[in-house]
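S.K.: Quick mapping for you: the protein sequence lines, in order, are chains A and B.
FYI, the numbering for the first sequence is 50 to 162, going by this note's numbering.
FYI, the numbering for the second sequence is 128 to 243, going by this note's numbering.
Glycine included, each C-beta is placed from N, C-alpha and C at the ideal position.
As the structure is a prediction and not an experimental result, all values here were calculated from the model.
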Amino acid sequence: AQSVTQPDIHITVSEGASLELRCNYSYGATPYLFWYVQSPGQGLQLLLKYFSGDTLVQGIKGFEAEFKRSQSSFNLRKPSVHWSDAAEYFCAVGGDAGNMLTFGGGTRLMVKP
Amino acid sequence: GAGVSQSPSNKVTEKGKDVELRCDPISGHTALYWYRQSLGQGLEFLIYFQGNSAPDKSGLPSDRFSAERTGGSVSTLTIQRTQQEDSAVYLCASSLDGQVPNSPLHFGNGTRLTVT
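1. With respect to the beta strand (DSSP E) encompassing A/LEU150, which residues constitute its N-terminal and C-terminal limits?
2. Quick check on A/PHE112 - is its C-beta less than 9 Å from some C-beta in chain B?
3. Would you mind sorting B/SER221 into buried or exposed? The rule is 16 or more other CB atoms within 10 Å of its CB.
4. With a cut-off of 8 Å on the beta carbons, I'd call A/TYR138 and A/GLY155 a contact; round off their distance for me.
5. Apart from the five residues on each side of it in sequence, which residues of its chain come closer than 8 Å, Cβ to Cβ, to A/ILE60?
6. Pick out the complete beta strand (DSSP E) segments inside the stretch 176-226 of chain B, 3 residues or longer, and give them in chain order.
7. Under 9 Å Cβ-Cβ, which residues of chain A neighbour B/GLN210?
8. What residues from chain B crowd round A/PHE139, counting only those whose CB sits closer than 8 Å?
9. Please look up how many angstroms separate the CB atoms of A/LEU82 and A/PHE123, rounded, as I've assumed it's under 8 Å.
10. Whole alpha helix (DSSP H) runs in the stretch 133-182 of chain B with 4 or more residues, listed along the chain?
11. What would DSSP say about A/ILE205, mapped onto helix, strand or coil?
12. Once you ignore the five residues that flank A/PRO80 on each side, which residues in its own chain have a CB closer than 7 Å to its CB?
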């Protein structure tokens, strides 16, 4: 069965600092990987996705993620964090169980001024 | 264009009462999903509708939970005899055709359910 682990429940970074959010997954065959962001009181917005091809994918708002098959990871990165990036971030995997996405527990990002 | 709409945005109910949560997907989207987000938890899959096919109910936690989708559009999630552990944010999502790689999920803002 497909599953996702986000080891960090909370992360705090200073504005302007770089960011990396960790995501580890398990899958049966071909993983489809996603990162979503949830601002307070809002639904989830898709940041980026990976199906195949280039293992470094670019997303919206200056985010990128790298698929590393050998490490079963799909970590999210941003070179310089802005205060508006404070939110909860969810990694998700799909493809193993039909059309259902399995989400990780989320990482709450706080940004210090 | 209009996104996924959920109502009510907040619902407070007494233990033992029934509640109905509504989801209006993006027009033309054939796939509809319900997820539950409990405090400090990730998103838990509840149920999936695709066109006229039988829904995938594998995530429903108990027989107190049910959902229907009328006319392939609006969906209602019903929780009977609510319990305090049902308190959570219930998120609805739709996608164009339910094909995970190419048809991203669009989420509503959720319904926050509080059972007192």
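M.R.: Straight from the coordinates:
1. 150-152
2. no
3. buried
4. 7 Å
5. LEU68, LEU70, THR156, ARG157, LEU158 and MET159
6. 192-196, 202-206 and 215-222
7. The premise fails here: B/GLN210 is roughly 22 Å from chain A at the closest Cβ pair, so nothing lies under 9 Å.
8. GLY169 and LEU170
9. 4 Å
10. none
11. No answer is possible for residue 205 of chain A: the residues shown for chain A start at 50 and end at 162.
12. TYR74, VAL142 and GLY144
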